[in-house]
Amino acid sequence: MKTKLVLSVIVLLFIVVPATLAQDVVTIKFWHTYNEVSPENQTLTDTLIPMFEAAHPNIKVESVPYPYDGFRQALLTAAAGGEGADVVRLDIIWSPEFAAQGILMNLSEKMSDFQQYADAVFPGPLSTNAYDGAYYGLPLDTNTRVLVYNPAVMPEPPKTIDELAAMCADLPEGSFLFSDGGTYGWAILPWIWSFGGDVTDPEIAMATGYVNGEKTVAAVQFIADMVKDGCFSDGFIGSGLDTWGGYFGGTIYSMLEGPWFYPTQESQYPDFKVGAALMPAGEGGPVSVVGGENIVVSASSAHPDEAMEFVRFTQSEEYQLEMSKVGQLTVLSSLLKNEYFVNHPYYGIFLEQLQTAKARTPHPAYTQIETVLGDAAQLVLRGEMSAQEAMDAAAEEIDALLAGS
Amino acid sequence: MGTNTTIAAARRQRTPSRDRAKPYYRWYVPYVFLIPGLVLYLLWTVYPLFYQLYISFFDWKIIPGQESTFVGFANYQTAFADKTFWLAMSNTVTYAIITVIGQMIAGFAVAVLVNRVLVGRRFFRTVYYLPVVTSWVVVSFLFIYLFSPGNSGLINYILTQIGVIKEPISWMANSSTAWVAIYSLGIWKGLGWSMVIFLAALQGIPAELYEAAAIDGTNEWQRLLHITMPLIRRTILFVFVALMIGGFQVFLSVLLITGGGPLHRTEVALTYMFDRSFGQLKFGYGAALSYILAVVIVVVSVTQTRLFGRRGQDVEY
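Chains R and B, in that order, give the protein sequences.
If you use the working numbering, the first sequence corresponds to residues 88 to 492, in order.
If you use the working numbering, the second sequence corresponds to residues 11 to 327, in order.
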């Protein structure tokens, strides 16, 4: 009789205890594009998520890494199915579009302490979360591109675009002064802005007079001439040239790169001497492009409270500092006074470049605007259309996109 | 009591058991077995087929809570005026013609050769068939590496070494050279399939026919043209129609190798449909495009079968 009682108690314990424990634990899915071959993803899964789970025993975080290509499609189709992520690390250029689609949770409304977090971050990255008078996320990391050059073949970096162009005369056969992967915004906007041009007016209402303005046209013409003369690589017209391979091989003298370049370089080419300088200046100054990611909560998340708790964690100094160590530059202004940043070997140049860097048009139709701009520049680089003609046509199309048709 | 009674008893016993077997032949039995497959087919093929037709008449929104508006034939009208779509369609047709002819000639040639191999026939058959069962993603990346620009690409390296070209080619920078990579992948990956079918047909031809023809003093070429070809005529037709349908559905290789670029010039029907649907979220338009493609495929297949499939011309043996 006694043994029976003990047995049933044990059985009950086995059934009831795990069940009650399981009831409280909530799993949230975190979709992101942290690079799996660089140390970012490892920091997330080995350090940060365990840190969060230890502090929040009732929340489990499932990390779901995606490649950047196709991530936008994956997010949109998952949203259509009403499934997918609770928390997403989203490229800043997609935030307005996703907010307009109604996929993102309005954090300025749903998160009671939102303002406290908004005040702690840089205003530029924060602004990429704004849509229609509300905020649909918080910035997670920021970055920009600086001129990464090879001191072995380019002893002094060019300070101006003219200096860069002058170096072309001494370029040996088979080498390129500069290379990039195409005519998408991330690649050609630094040149357009540094020339003093732009895509739209500051109010983002009008492209005519800007994208087909004198300075933008001159910038596109400059890249086209440099590619034609063999000074810039034909990676610009989509040859698929491996820019990093050429850089480390000594045939590509310089390129624009973000801070994630360093961890990869240190692990794969530890002995390579890297030089970094500001984007060469033109009439508009040394202007580069702001990149980065926001942290957002899916509007259809079944666990919004737990998801927002994870968002709060990403805004902590621990998270931001750990990620900064693997190339994800922090968005917390207070952290810059931390000795880690004061003594950092390469973040200085990126922080300096960020002073003048600009953000790509924060508009729900950005993806389409970028296609129009890139295709127009592509026609010019291939010599199939004059720069003015191509940019005039682009202005008309972008005006239509801005008008919402 | 004798043998007769035993047999009679056995008969008596056997007859009812035969009657009892009858219920198993009731009319509905085959349908019961067909239902699972039929349900899956209706649910996963027929229903989406009609649902997509429905979508194609809307400005379709995929996000829950957003309203889709009925637009009638507007998507079809846009498609007929869309130059990029018609470029994509003509690219698709060109791709189908070039790769189908390529696969059939190469597949037939390899089949004839493999058929003559006395030792290791199975080895060659497997080797040539291997690309067919390999994932499109894997072989597409393989071809991206083969056709890399500069001297690091294997194709460029070989061509410059043997002196065919002086400067390495940036294959993906121009549509004309990008097609070389896409076509050669299509032919290389598919030739094993037509080879296996042709090989089976070749092995079905009685050897006596060739022996008799050889005694009559024919040469190899005459035997190929007048014996082999007519006898495998139906196989050639089958391979042709099947490959054409496959050719029209080219997608992954183009998406991965060029992504339709540069400037949409290597776009094919399905990559363009994919871009409009998942890139620009115009799902109604994408649905209309795929219906136009489906109509074209049906017309082409029916025409092919009509043209080449006339009965009465078959040689009996």
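Ideal Cβ placement from N, Cα and C applies to all residues, glycine included.
As the structure is a computational prediction, the values presented were derived from the model and not from experiment.
Burial state of residue i, where buried means 16 or more other Cβ atoms lie within 10 Å
{"i": "residue 197 (chain R)", "result": "exposed"}
{"i": "residue 282 (chain B)", "result": "buried"}
{"i": "residue 301 (chain R)", "result": "exposed"}
{"i": "residue 356 (chain R)", "result": "exposed"}
{"i": "residue 239 (chain B)", "result": "exposed"}
{"i": "residue 322 (chain B)", "result": "Note on residue 322 (chain B): pLDDT 49, under 50, position unreliable in the model; the coordinate value appears next. By the neighbour-count rule (16 or more Cβ atoms within 10 Å), residue 322 (chain B) is not buried but exposed."}
{"i": "residue 430 (chain R)", "result": "exposed"}
{"i": "residue 155 (chain R)", "result": "exposed"}
{"i": "residue 491 (chain R)", "result": "exposed"}
{"i": "residue 387 (chain R)", "result": "buried"}
{"i": "residue 203 (chain B)", "result": "buried"}
{"i": "residue 11 (chain B)", "result": "Note that residue 11 (chain B) scores a pLDDT of 44, beneath 50, so its modelled location is shaky and nothing firm can be said."}
{"i": "residue 238 (chain R)", "result": "exposed"}
{"i": "residue 391 (chain R)", "result": "buried"}
{"i": "residue 37 (chain B)", "result": "exposed"}
{"i": "residue 317 (chain B)", "result": "exposed"}
{"i": "residue 236 (chain B)", "result": "exposed"}
{"i": "residue 174 (chain B)", "result": "exposed"}
{"i": "residue 216 (chain B)", "result": "exposed"}
{"i": "residue 299 (chain B)", "result": "buried"}
{"i": "residue 136 (chain B)", "result": "exposed"}
Test item: CB-CB of residue i and residue j under 8 Å
{"i": "residue 65 (chain B)", "j": "residue 154 (chain B)", "result": "no"}
{"i": "residue 367 (chain R)", "j": "residue 281 (chain R)", "result": "yes"}
{"i": "residue 403 (chain R)", "j": "residue 173 (chain R)", "result": "no"}
{"i": "residue 234 (chain R)", "j": "residue 363 (chain R)", "result": "yes"}
{"i": "residue 224 (chain R)", "j": "residue 191 (chain R)", "result": "yes"}
{"i": "residue 314 (chain B)", "j": "residue 280 (chain B)", "result": "no"}
{"i": "residue 215 (chain R)", "j": "residue 182 (chain R)", "result": "yes"}
{"i": "residue 446 (chain R)", "j": "residue 283 (chain R)", "result": "no"}
{"i": "residue 262 (chain B)", "j": "residue 158 (chain B)", "result": "no"}
{"i": "residue 298 (chain R)", "j": "residue 314 (chain R)", "result": "no"}
{"i": "residue 253 (chain B)", "j": "residue 114 (chain B)", "result": "yes"}
{"i": "residue 370 (chain B)", "j": "residue 160 (chain B)", "result": "Given that chain B is displayed from residue 11 to residue 327, the structure contains no residue 370 (chain B) and the question cannot be resolved."}
{"i": "residue 322 (chain R)", "j": "residue 248 (chain R)", "result": "no"}
{"i": "residue 372 (chain R)", "j": "residue 448 (chain R)", "result": "no"}
{"i": "residue 330 (chain R)", "j": "residue 468 (chain R)", "result": "no"}
{"i": "residue 266 (chain R)", "j": "residue 342 (chain R)", "result": "yes"}
{"i": "residue 416 (chain R)", "j": "residue 437 (chain R)", "result": "yes"}
{"i": "residue 115 (chain R)", "j": "residue 148 (chain R)", "result": "yes"}
{"i": "residue 333 (chain R)", "j": "residue 324 (chain R)", "result": "no"}
{"i": "residue 70 (chain B)", "j": "residue 293 (chain B)", "result": "yes"}
Coarse secondary structure for residue i, derived from DSSP in three states
{"i": "residue 322 (chain B)", "result": "Only weak support is given to the placement of residue 322 (chain B): the predicted model assigns it a pLDDT of 49, under 50, and the value that follows is read from those uncertain coordinates. Coil, per DSSP."}
{"i": "residue 347 (chain R)", "result": "coil"}
{"i": "residue 416 (chain R)", "result": "strand"}
{"i": "residue 3 (chain B)", "result": "In the structure as shown, chain B starts at 11 and stops at 327, and residue 3 (chain B) therefore has no counterpart that could be examined."}
{"i": "residue 486 (chain R)", "result": "helix"}
{"i": "residue 445 (chain R)", "result": "strand"}
{"i": "residue 134 (chain B)", "result": "helix"}
{"i": "residue 12 (chain B)", "result": "For residue 12 (chain B), the pLDDT reaches just 47, beneath the cut-off of 50, and the residue's location in the model is therefore unreliable, although a value from the coordinates is still provided. DSSP places residue 12 (chain B) in coil when its eight states are reduced to three."}
{"i": "residue 307 (chain B)", "result": "helix"}
{"i": "residue 389 (chain R)", "result": "coil"}
{"i": "residue 319 (chain R)", "result": "strand"}
{"i": "residue 480 (chain R)", "result": "helix"}
{"i": "residue 208 (chain R)", "result": "strand"}
{"i": "residue 314 (chain B)", "result": "helix"}
{"i": "residue 355 (chain R)", "result": "helix"}
Sheet register partners of residue i (DSSP bridge)
{"i": "residue 218 (chain R)", "result": "R:221"}
{"i": "residue 226 (chain R)", "result": "R:381"}
{"i": "residue 342 (chain R)", "result": "R:235"}
{"i": "residue 94 (chain B)", "result": "Paired residues: none, contrary to the question."}
{"i": "residue 80 (chain B)", "result": "B:68"}
{"i": "residue 369 (chain R)", "result": "R:372"}
{"i": "residue 363 (chain R)", "result": "R:235"}
Heavy atom of the ligand ZN within 7 Å of residue i beta-carbon
{"i": "residue 57 (chain B)", "result": "In terms of ligand content, the structure shown is empty, and the ligand ZN therefore cannot be addressed."}
Just to confirm the assignment: which complete beta strand (DSSP E) runs, minimum length 3, are found wholly within the stretch 239–295 of chain R? You should have 263–265.
What are the uninterrupted segments assigned as alpha helix (DSSP H) that are 4 or more residues long and contained completely in the stretch 108–160 of chain R, given in chain order? Correct list: 126–129 and 136–142.
In chain order, each alpha helix (DSSP H) run of at least 4 residues that lies wholly inside the stretch 154–205 of chain R: Taken in chain order, the whole alpha helix (DSSP H) runs of length 4 or more contained in the stretch 154–205 of chain R are 158–167, 182–188 and 194–197.
Restricting to runs no shorter than 4 residues, where is the alpha helix (DSSP H) found entirely within the stretch 170–222 of chain B? Listed in chain order, the complete alpha helix (DSSP H) runs (minimum 4 residues) inside the stretch 170–222 of chain B are 185–213.
Complete runs of the alpha helix (DSSP H) confined to the stretch 423–478 of chain R [at least 4 residues]: Annotation: the stretch 423–478 of chain R contains the following complete segments of the alpha helix (DSSP H) (minimum length 4 residues), in chain order: 426–429, 434–441 and 453–468.
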